[in-house]
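A.B. asks: Each position in the sequence shown, counted from 1, maps to that position plus 47 in our numbering.
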Amino acid sequence: MSIDKMRFAVLTKAKVAEVHERPLPEIGENQVLIKQEACNICTTDYGQWLGLREHQPYPMAGGHEGAGIIVKKGSKVRDDLQIGDRVAVAYNYCGECDPCKSGATSECTEVKNEPTEDGYYGNFGFADYCVRDSKVLIKMDENLSPSEASFLEPLSTVVKGLRKLRLQPLETVVIIGAGTMGLVNAQAARALGGHVILTEMMESKINVAKSMGFEVINASLCDPVEKVKELTGGKGADAVIVAVGATKANEQALKMVKRVEGRVLLFAAGYPAPKLDVDSNYIHYKKLELIGTYGADMQDFIISAKLLNEKRVDVSKLIQATYPLDKIQEAYGEASKLGSYRVSVLL
48 MSIDKMRFAV LTKAKVAEVH ERPLPEIGEN QVLIKQEACN ICTTDYGQWL
98 GLREHQPYPM AGGHEGAGII VKKGSKVRDD LQIGDRVAVA YNYCGECDPC
148 KSGATSECTE VKNEPTEDGY YGNFGFADYC VRDSKVLIKM DENLSPSEAS
198 FLEPLSTVVK GLRKLRLQPL ETVVIIGAGT MGLVNAQAAR ALGGHVILTE
248 MMESKINVAK SMGFEVINAS LCDPVEKVKE LTGGKGADAV IVAVGATKAN
298 EQALKMVKRV EGRVLLFAAG YPAPKLDVDS NYIHYKKLEL IGTYGADMQD
348 FIISAKLLNE KRVDVSKLIQ ATYPLDKIQE AYGEASKLGS YRVSVLL
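#1: Check whether the Cβ atoms of V136 and G150 sit closer than 9 Å, and answer yes or no.
#2: Between the beta-carbon of S351 and the beta-carbon of I88, is there less than 9 Å?
#3: Check each candidate in D324, A290, K276 and name the one with the smallest Cα separation from M303.
#4: Across the segment 322 to 338 and the segment 347 to 364, are there enough close Cβ pairs to call them in contact, namely three or more that are closer than 8 Å?
#5: Report the partner residues of H67 according to the DSSP bridge assignment.
#6: Ignoring anything shorter than 3 residues, give me the beta strand (DSSP E) runs that lie fully in the segment 257 to 310, in order along the chain.
#7: Check for me: the beta strand (DSSP E) holding R179 runs from which residue to which?
#8: Check S351 in the structure and name its three-state DSSP category.
#9: Can you name the residues that DSSP bridges to Q78?
#10: Determine the DSSP secondary structure at Q367, reduced to helix, strand or coil.
#11: Please classify V205: does DSSP put it in a helix, a strand, or coil?
#12: Using 8 Å as the cut-off, can you tell me whether the segment 103 to 119 makes contact with the segment 72 to 88, which would need three or more C-beta pairs spanning the two stretches below that distance?
#13: Please report the straight-line C-alpha distance between I50 and G169, rounded to a whole angstrom.
#14: Kindly give me the distance between the Cβ atoms of G172 and C86, rounded to whole angstroms, as I take these residues to be in contact under 8 Å.
#15: Could you give the DSSP three-state label for N87: helix, strand or coil?
#16: Specify the secondary structure class of Y332 as computed by DSSP and reduced to three states.
#17: Would the segment 178 to 190 count as touching the segment 275 to 292 if we require 3 or more Cβ pairs under 8 Å?
#18: Need the endpoints of the alpha helix (DSSP H) that V231 sits in, please.
#19: Can you tell me which of Q299, A174, M107, Y370 puts its alpha carbon nearest to the alpha carbon of K322?
#20: Can you say whether E164 is buried or exposed, counting buried as having 16 or more other CB atoms within 10 angstroms of its CB?
#21: Could you please give the first and the last residue of the uninterrupted alpha helix (DSSP H) stretch that includes I1?
#22: Quick one: grab the DSSP three-state call for V255.
#23: Do you know how far the Cα of K207 is from the Cα of A233?
#24: For T219, which residues of its own chain have a beta-carbon under 6 Å away from its beta-carbon, when the five flanking residues on both sides are left out?
#25: So the beta strand (DSSP E) E13 belongs to, where does it begin and stop?
#26: Tell me, which residues are paired with M107 by DSSP?
#27: Are T204 and A343 touching if we call contact CB-CB under 9 Å?
#28: Between the C-alpha atoms of T246 and A296, what's the straight-line distance to the nearest angstrom?
As structure tokens, then:
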């Protein structure tokens, strides 16, 4: 059967998601055709659907947390990628610019946010078929569900942050927020040998975190800063990961870290932008590190695949609901509800 068209979800304006159709691009010698199985709706996706990210252009054929099966490959695609393999998708990169050559593929200077010839922006993640460059594909274990395999990208961003944080075995790390990315951070930090403490206010999220075996502070019942100090013998945490974009979380993080040489990783963005009120003398005398992280490099994707494929990070409890492509509008509505975990669009 010849496949010459793709059906895909696209945001045409705030609160409006539609399914469009377009011809499939020709497959190049270093490309593959993927029958995409699933793509999860991330915070960026539903943030634009809600109208909170109007700096992002329309029409947006978004979605970047996807996985699928190779159904056709170009003549020069590497041998370890075969028809029938399940793969997940990393970020595009050229491999030739200075950042790419240094390993910082997420900073590739040749990847541009430009529309296709027919006017669409985005990665076409919510599509039934898509053509991808083979160098950005990573094989995923066939025993993972497509929705689990689609966690490759979000887990990769966590790995990137933990590398920057330089978390060491037995260090105490507090993660503020037990949402999807808070719990992905928690699992990855635990896999690295960290002593993980989570803080959260929503009872439903606290229960999920506890079911994963984590120690959780209910921030609606006590002062999380004082509780962290109590649990650490008055020392404070070696590191804090802020996994919610909120001013209050930033304030708490600065007070939770140990007296000298603590590290705070600002993992989450927020819209409108959260405030961070700290004077330079405070950072100076406490030898405090404020660390920013965003995106992921190819080495992070490779580590992420290993963590998922070996079930060192288990994301099965973080898939809240699944929807078919034709119900993409309902899927966005579910994903944007307060307290939701990942909603997966099955393709």
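Glycine included, every Cβ here is placed at the ideal spot set by N, Cα and C.
C.D. replies: Based on what the coordinates show:
#1: For the 9 Å CB-CB criterion, V136 and G150 do not form a contact.
#2: no
#3: K276
#4: no
#5: Answer is F55, bridged to H67.
#6: 262 to 265, 286 to 289
#7: Bounds of the beta strand (DSSP E) holding R179 are 176 to 180.
#8: helix
#9: D180
#10: strand
#11: helix
#12: Yes: the two stretches touch, three or more of their Cβ pairs being nearer than 8 Å.
#13: 22 Å
#14: That belief holds up - the Cβ atoms of G172 and C86 are roughly 4 Å apart, short of 8 Å.
#15: N87: strand per DSSP, three-state reduction.
#16: It is helical.
#17: Look at the beta carbons and you see the segment 178 to 190 not touching the segment 275 to 292: under three pairs across the two are nearer than 8 Å.
#18: 227 to 238
#19: Distances from the alpha-carbon of K322 to those of Q299, A174, M107, Y370 put Q299 closest.
#20: That one is exposed.
#21: Past the boundaries of the shown model lies residue 1; the chain is included only from 48 to 394, so the question cannot be answered.
#22: helix
#23: Taking the CA atoms as reference points, A233 sits about 14 Å from K207.
#24: H242, T279, A284, D285
#25: In the structure as shown, the chain begins at 48 and stops at 394. Residue 13 is therefore absent and cannot be evaluated.
#26: DSSP lists L58, Y168 as partners of M107.
#27: yes
#28: Roughly 10 Å separates the two Cα atoms.
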